[in-house]
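Engineer:
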Amino acid sequence: MRICITIAGKRICINVPLLVVGPIHPPPPNNYPPFELAATVLEMVHVAGPSELSKQLSEVVTRYIGNLQKQLPQGVEIVTERTAARAS
Numbered sequence: 014m015r016i017c018i019t020i021a022g023k024r025i026c027i028n029v030p031l032l033v034v035g036p037i038h039p040p041p042p043n044n045y046p047p048f049e050l051a052a053t054v055l056e057m058v059h060v061a062g063p064s065e066l067s068k069q070l071s072e073v074v075t076r077y078i079g080n081l082q083k084q085l086p087q088g089v090e091i092v093t094e095r096t097a098a099r100a101s
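In structure tokens:
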């Protein structure tokens, strides 16, 4: 993705790599793609650290998960948990 800004009439474009490229087609067993998207955004919030952007992303993904929860059968609950850090 390119993000372009104009400063004093001069256009400057920066190529920014994407962390998520949709649509998500995970290999089997196929998890529910909206969960994977929500988990990716939550991890980005954690990696980015405290900031206004991470606060807003966290609020958006919380609402998103709440909307997913409403689509599930009664008695099914979504709970997010971070797994242990991956070994390098």
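Numbering (this note's numbering), first residue to last: 14 to 101.
Here a beta-carbon is modelled for each residue, glycine too, at the ideal position from N, C-alpha and C.
Return the chain-ordered list of same chain residues with a C-beta closer than 6 Å to the C-beta of Q82, the five sequence neighbours on each side being excluded.
Structural biologist: Position 69 of the sequence shown holds residue 82. Cβ within range, chain order: I91.
Engineer: Report yes if the CB atom of V58 is closer than 8 Å to the CB atom of S71, and no otherwise.
Structural biologist: On the sequence shown, residue 58 is found 45 positions in, with the first residue counted as 1. On the sequence shown, residue 71 is found 58 positions in, with the first residue counted as 1. Against a cut-off of 8 Å, the Cβ pair of S71 and V58 comes out as a contact.
Engineer: So what's T19 in DSSP terms, helix, strand or just coil?
Structural biologist: In the sequence shown, the residue the question calls residue 19 occupies position 6. Note: T19 maps to strand in three-state DSSP.
Engineer: Going by C-alpha distance, which of F48, I18, G22 and S67 is nearest E94?
Structural biologist: Within the sequence shown, the letter at position 81 stands for residue 94. Of the candidates F48, I18, G22 and S67, the one whose C-alpha sits nearest the C-alpha of E94 is F48.
Engineer: So I20 packs on I27, CB below 8 Å; how close in whole Å?
Structural biologist: To locate residue 20, count along the sequence shown from 1; it is residue 7. To locate residue 27, count along the sequence shown from 1; it is residue 14. About 12 Å; that fails the 8 Å criterion.
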